[in-house]
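Chemist:
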Amino acid sequence: MKSLTAARPPTLSLLLGGVAVLLVYLAASSYLTFLLTGAVVSIVVMQSFGVITGRAGVISLCQMSFAAIGAWTVGWANVGDVPGGFVVWLVLGGLAAVVAGLAIGLPALRLRGMSLAVATFAFATSLDVVFGAINFPGQDEFNFVARPEGFTSDSEYFVFAALVAAALFLLLWKLDRSRMGGVLIEIRHSERAAAAHGISVARGKLAAFALSAFIAGVAGGLMAGQLGVVSATNFTSATSVSFFAIALFIGTHNPEGALLGGLLGAVFPVLIDQVGIPQDLSAMFFGVAAILILRHGKSQTDDIRSRHRAKRAKRQAQEQAKPVAPARTEPVAARRPGNHESGVDTEGRPPVLETRELRVRFGNLVAVDGVTLSVPARTTVGLVGPNGAGKSTLVNAVTGFVDGYGGSVVLGGRALDGMPAHRRARAGVRRSFQQLRVPDALNVGMFLQVAAGKRLPKEEIDEQLAWFGCPPAYVPMEAVDVATRRLLEVAGLAAGAPPVLLLDEPAAGHSSGETRLLASRLAEIPERSDTSVLLIEHDIELVRAVCDELVVLDFGRVIAQGPPERVLREEAVLAAYLGGSDLNKTPETR
Ligand SMILES: Nc1ncnc2c1ncn2[C@@H]1O[C@H](COP(=O)(O)OP(=O)(O)OP(=O)(O)O)[C@@H](O)[C@H]1O
């Protein structure tokens with residue numbers, strides 16, 4: 155069976171690429187070799203866009219500036235005859251670009267969308283001016299960059315450039331199969347979900363800036379080796395923008411996208427020149443294509459891949475065998491006798507999570523009004539109440555997703571107040587969201603790892619998926635229906651075995667059979683993962699089946715607290731729910 159860790163390297167693609175490179179080496183004219191070497195350099199630039207924009211979803215309009223820094227460093231190393239030769243200079247060029255990447259990445263962390271585009275473009279245009287003024291090392295004296303030994307002729311250098319591109323393809327292939335790859339995709343999909351899974355969005359974006367700058371710096375160094383002498387005109391901000399448009403249009407986070415994008419960037423201007431259209435107008439074509447893509451929402455390669463996956467999805471859906479749901483789940487409270495009101499569990503352990511006089515205001519509205527509650531160890535506490543009672547706001551405050559609150563949130567005796575969301579998640583407060591935030595671009599196994607917040611052994615992933623009745627690890631998320639995605643989110647969070655799990659309406663949109671399955675799994679999470687659960691749910695049957703204790707909110711205040719059977723009969727609770735509908739009838743008797 156395929157799984158996320160058993161993926162084989164793309165041997166066939168590498169072999170085909172090797173044959174193509176050999177053909178060019180043996181048979182191409184010197185002009186074609188020159189053109190294709192330029193294409194390989196462009197492919198590497200596209201790989202860098204694939205990291206920052208394609209994977210991390212961050213707009214960068216300064217990749218050619220990073221390339222310029224790489225080329226400048228290689229030129230400087232060549233003039234100064236720095237020991238180690240071209241390969242070492244190439245790496246130095248990449249590292250110099252990393253420094254620039256971090257320098258632009260740090261201040262850009264708080265920016266998004268248009269602001270980030272402007273910031274990176276401003277960096278690119280200012281470097282245009284700087285490099286225009288100071289010239290590249292060796293530019294004035296025509297001091298040609300010494301190519302690596304064994305790759306000095308143009309056709310040999312083409313092979314060298316292709317080897318570098320292939321090594322980067324392999325590196326990115328590895329990245330896509332690592333947890334870090336999943337982290338970047340989740341940041342692109344939803345920064346809130348990423349933070350809830352303990353991911354530092356700032357660090358993830360910085361890592362993406364650094365890696366993409368390194369790759370772009372290497373591309374610049376390769377160009378210096380190809381041309382011998384480079385100048386500012388090789389790395390203009392306008393080239394960055396038109397390459398960005400290609401990256402958006404093709405989707406250069408996919409290897410075939412980087413390949414096609416590089417070829418397009420290098421060859422398309424030459425082709426239109428041959429039919430009498432000025433080369434400079436190629437940027438306009440790329441721009442129009444990118445606008446079409448922005449309207450469509452998906453890059454070309456993503457679109458093709460998605461259609462391909464949809465075809466496979468039908469087949470794989472049959473493998474999504476679900477365990478038979480129990481006919482009815484026995485109420486947990488009935489199975490676990492003990493004092494559920496003291497906050498101390500049956501073994502005398504102190505509460506895992508407490509809120510003390512928690513208060514959240516939105517302008518004049520007090521959404522959470524002095525709520526004090528505790529979640530004992532290995533216990534499921536239901537947080538219920540009518541719409542707008544303040545349940546989600548309370549969870550947002552506990553998990554660090556509201557800007558400010560009064561009172562205190564305490565985890566295992568330690569106050570979390572003032573901590574950002576991702577640090578609370580790392581401390582052990584994990585949550586799901588009412589609105590699903592599961593990225594399509596991952597497969598089931600990768601998502602489970604990201605949600606768990608840690609690297610899990612393959613056996614553990616497979617076992618957790620089977621226990622929750624989820625599809626196997628290799629199935630793409632696109633092939634997974636909404637109810638199963640919700641189940642997967644719970645499975646992933648539970649796999650991380652955090653001290654406390656806050657689930658915001660995990661059964662929303664489930665059929666009754668699916669809800670029963672979820673209930674049976676939820677009921678076992680505390681024992682199985684040594685985790686406490688705070689469960690927001692409108693489905694009273696599910697709440698009754700799973701929860702040891704209930705806390706009822708109305709207008710931001712706690713109006714009842716205690717064992718479900720008692721709480722659900724209290725007058726105040728009945729009155730809060732639809733002016734007194736009977737919560738104690740089963741769906742059949744209601
Ligand atoms: N960001 C916000 N800005 C202003 N008001 C908000 C904001 N978020 C929530 N509210 C308000 O706070 C109150 C509590 O909302 P909240 O979503 O926490 O309730 P809830 O109990 O989770 O409701 P539901 O069961 O419908 O999800 C509501 O009146 C809501 O309109």
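Each residue of the sequence shown is one higher than the one before, starting from 155 at the first, in our numbering.
Note that the Cβ used here is the ideal one computed from N, Cα and C, for glycine as well.
Report back the beta-carbon spacing between Val198 and Leu376 to the nearest angstrom; my notes put them in contact at under 8 angstroms.
Modeler: So it is a contact: roughly 6 angstroms between Cβ atoms.
Chemist: In this structure, does DSSP put Ala543 in helix, strand or coil?
Modeler: Coil, per DSSP.
Chemist: Taking 7 angstroms as the cut-off, is the C-beta of Lys612 nearer than that to any heavy atom in ligand 1?
Modeler: Checking the Cβ of Lys612 against ligand 1 gives no.
Chemist: For Gly716, list the residues DSSP reports as bridge partners.
Modeler: According to DSSP, which records beta bridges pairwise, Gly716 is partnered with Leu704.
Chemist: Quick check on the DSSP output: what are the complete alpha helix (DSSP H) runs of length 4 or more inside the segment 507-573, in order along the chain?
Modeler: The segment 507-573 contains these whole alpha helix (DSSP H) runs: 545-552.
Chemist: Please state whether DSSP places Leu656 in a helix, a strand or coil.
Modeler: Strand at Leu656.
Chemist: Hey, Val299 and Gly239: beta-carbon distance below 8 angstroms or not?
Modeler: No.
Chemist: Spatial neighbours of Leu446 within its chain, please: CB distance less than 8 angstroms, with the 5 preceding and 5 following residues excluded, ordered by chain position.
Modeler: Once the five neighbours on either side are set aside, the close Cβ partners of Leu446 are Phe403.
Chemist: Would you give the residue range spanned by the alpha helix (DSSP H) that Leu728 belongs to?
Modeler: Leu728 -> alpha helix (DSSP H) spans Glu725 to Ala730.
Chemist: What are the uninterrupted segments assigned as alpha helix (DSSP H) that are 4 or more residues long and contained completely in the segment 306-357, given in chain order?
Modeler: The qualifying runs are 308-330, 333-343 and 345-350.
Chemist: Specify the secondary structure class of Arg482 as computed by DSSP and reduced to three states.
Modeler: Confidence is the limiting factor: at Arg482 the pLDDT is only 41, short of 50, which leaves the residue's position unreliable and the question unanswerable from this model.
Chemist: Between which two residues does the alpha helix (DSSP H) containing Leu170 stretch?
Modeler: Per DSSP, Leu170 belongs to the alpha helix (DSSP H) from Thr165 to Ala181.
Chemist: Is Thr509 near ligand 1, going by C-beta to nearest heavy atom under 7 angstroms?
Modeler: No, ligand 1 has no heavy atom inside 7 angstroms of this Cβ.
Chemist: At a cut-off of 7 angstroms, is Ser385 close to ligand 1 when judged by its beta-carbon and the heavy atoms of the ligand?
Modeler: Flag unset: Cβ of Ser385 not near ligand 1.
Chemist: Would Phe368 and Gly248 be called neighbours here (beta carbons separated by less than 8 angstroms)?
Modeler: For Phe368 and Gly248, yes; Cβs fall inside 8 angstroms.
Chemist: Residue range of the alpha helix (DSSP H) that Arg670 falls in?
Modeler: Element bounds for Arg670: Ser666 to Ser683.
Chemist: Can you tell me whether DSSP reads Asn232 as helix, strand or coil?
Modeler: It is helical.
Chemist: Would you tell me roughly how many angstroms separate the C-alpha atoms of Ala373 and Ala222, rounded to the nearest one?
Modeler: About 9 angstroms.
Chemist: Would you grab the beta carbon distance between Leu507 and Val654 for me? Rounded to a whole angstrom, and I think it's under 8 angstroms.
Modeler: Contact flag correct, Cβ pair sits at about 5 angstroms.
Chemist: Does at least one heavy atom of ligand 1 sit under 7 angstroms from the Cβ of Phe587?
Modeler: No; taking the cut-off as 7 angstroms, the Cβ of Phe587 has no heavy atom of ligand 1 nearer than that.
Chemist: Identify the residues that DSSP records as bridge partners of Asn138: which are they?
Modeler: Absent from the model: residue 138. The displayed extent of the chain is 155 to 744, so no value can be given.
Chemist: Can we count Phe516 as close to ligand 1, meaning its CB is less than 7 angstroms from some heavy atom?
Modeler: Yes, since a heavy atom of ligand 1 falls inside the 7 angstroms radius drawn around the Cβ of Phe516.
Chemist: Quick one: Cα of Ala581 to Cα of Pro505, how far?
Modeler: Rounded to whole angstroms, Ala581 to Pro505 spans 15 angstroms at the Cα level.
Chemist: DSSP on Ile690, reduced to helix/strand/coil?
Modeler: Residue state, collapsed to three classes: strand.
Chemist: Could you check which residue in Gly542, Asp684, Met268 and Phe314 has the C-alpha nearest to that of Val178?
Modeler: Closest by alpha carbon: Phe314.
Chemist: Could you check whether the segment 270-290 touches the segment 402-417, counting it as contact only if at least three pairs of C-beta atoms, one from each stretch, sit closer than 8 angstroms?
Modeler: Result no; under three Cβ-Cβ pairs closer than 8 angstroms.
Chemist: Using the DSSP secondary-structure output, state which residues sit across from Arg711 in a beta bridge.
Modeler: Arg711 is bridged to Asp708.
Chemist: When the Cβ atoms of the segment 546-563 are set against those of the segment 304-318, are three or more pairs found closer than 8 angstroms?
Modeler: The segment 546-563 is not in contact with the segment 304-318.
Chemist: Within the same chain, show all residues whose beta-carbon is closer than 7 angstroms to that of Val529, passing over the 5 residues directly before and after it, in chain order.
Modeler: Cβ neighbours of Val529 beyond the five flanking positions: Pro505, Val506, Leu507, Val535, Val654, Ser686 and Leu688.
Chemist: Please say whether Gly204 and Ala401 have beta carbons closer to each other than 8 angstroms?
Modeler: Yes; because the gap between Cβ atoms is below 8 angstroms, this pair is in contact.
Chemist: Which residue from Glu703, Leu324 and Ala193 puts its Cα closest to that of Arg720?
Modeler: It is Glu703.
Chemist: What are the boundary residues of the beta strand (DSSP E) that includes Val636?
Modeler: Here Val636 belongs to no beta strand (DSSP E); instead the alpha helix (DSSP H) covers Val636 to Ala649.
Chemist: In terms of residue numbering, what span does the beta strand (DSSP E) encompassing Arg584 cover?
Modeler: Note, Arg584: beta strand (DSSP E), Val583 to Arg585.
Chemist: Measure how close the beta-carbons of Ser214 and Ser366 come, nearest whole angstrom, since I'm counting them as under 8 angstroms.
Modeler: Confirmed, Cβ separation roughly 7 angstroms.
Chemist: Quick check on DSSP: helix, strand or coil for His494?
Modeler: Any reading at His494 must be qualified, since the residue scores a pLDDT of 43, below 50, and its modelled position is unreliable; the value itself is stated next. Correct three-state label for His494: coil.
Chemist: Going by alpha carbons, who is nearest to Arg342 out of Ile206, Ala320 and Ala420?
Modeler: Closest option to Arg342, Cα to Cα, is Ile206.
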